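So the sequence shown is numbered by our numbering: it starts at 213 and just counts up by one. Ideal placement from N, C-alpha and C gives every residue a C-beta, glycine not left out. On a predicted model such as this, the values are computed, not experimentally measured, just so you know. To keep things clear, I will list the structure first and then write my remarks on it.
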Amino acid sequence: MEILKVSSKSNPNLVAGALAGVINEKKEAELQAIGAGAVNQAVKAIAISRGFLAPMGIELVCTPSFSEVTIKNEIRTAIRLVVTVK
Numbered sequence: 213m214e215i216l217k218v219s220s221k222s223n224p225n226l227v228a229g230a231l232a233g234v235i236n237e238k239k240e241a242e243l244q245a246i247g248a249g250a251v252n253q254a255v256k257a258i259a260i261s262r263g264f265l266a267p268m269g270i271e272l273v274c275t276p277s278f279s280e281v282t283i284k285n286e287i288r289t290a291i292r293l294v295v296t297v298k
């Protein structure tokens, strides 16, 4: 599955475009965000992406979960947002 890493500085419109492209191609994608700001940008991107895909008859479903990632030898908890086609 394609993993799109989102930070608090990510542009939600650009992430939404990338997400829409992956959904069109593979029918599923994963967004990974660490921190409240990053989660905010990721959720905005999913909402924007729904607007891109809805006219084509593609409806999205988002399933959130937790994930542990290692960054600079430190374990961090990330929010994992799996986006699939309904």
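Buried or exposed for residue i, please, with buried defined as at least 16 other CB atoms from any protein chain shown within 10 angstroms of its CB.
i              : result
isoleucine 291 : buried
alanine 245    : buried
serine 222     : buried
glutamate 242  : buried
isoleucine 258 : buried
valine 281     : exposed
alanine 266    : exposed
Going by beta carbon distance, what residues of the same chain come within less than 7 Å of residue i, once the five residues before and after it are set aside?
i          : result
lysine 225 : At residue 225 the sequence reads asparagine, which differs from the lysine that was named. Excluding positions up to five away in sequence, the list reads Ile260.
lysine 211 : It is not possible to answer for residue 211, since the shown part of the chain is limited to 213 through 298.
Kindly list the residues whose CB is nearer than 8 Å to the CB of residue i, restricted to its own chain and excluding five residues on each side of it in sequence; keep chain order.
i              : result
methionine 213 : Lys238, Glu240, Ala241, Glu242 and Val294
valine 297     : Ile235, Lys239, Glu240, Ile270, Glu271, Leu272 and Val273
**Q.** Every unbroken alpha helix (DSSP H) inside the region 214-280 [4 residues or more]
**A.** 224-238 and 248-265
Q: Please confirm if the region 251-261 is in contact with the region 279-298, defined as three or more CB-CB distances below 8 Å between the two stretches.
A: yes
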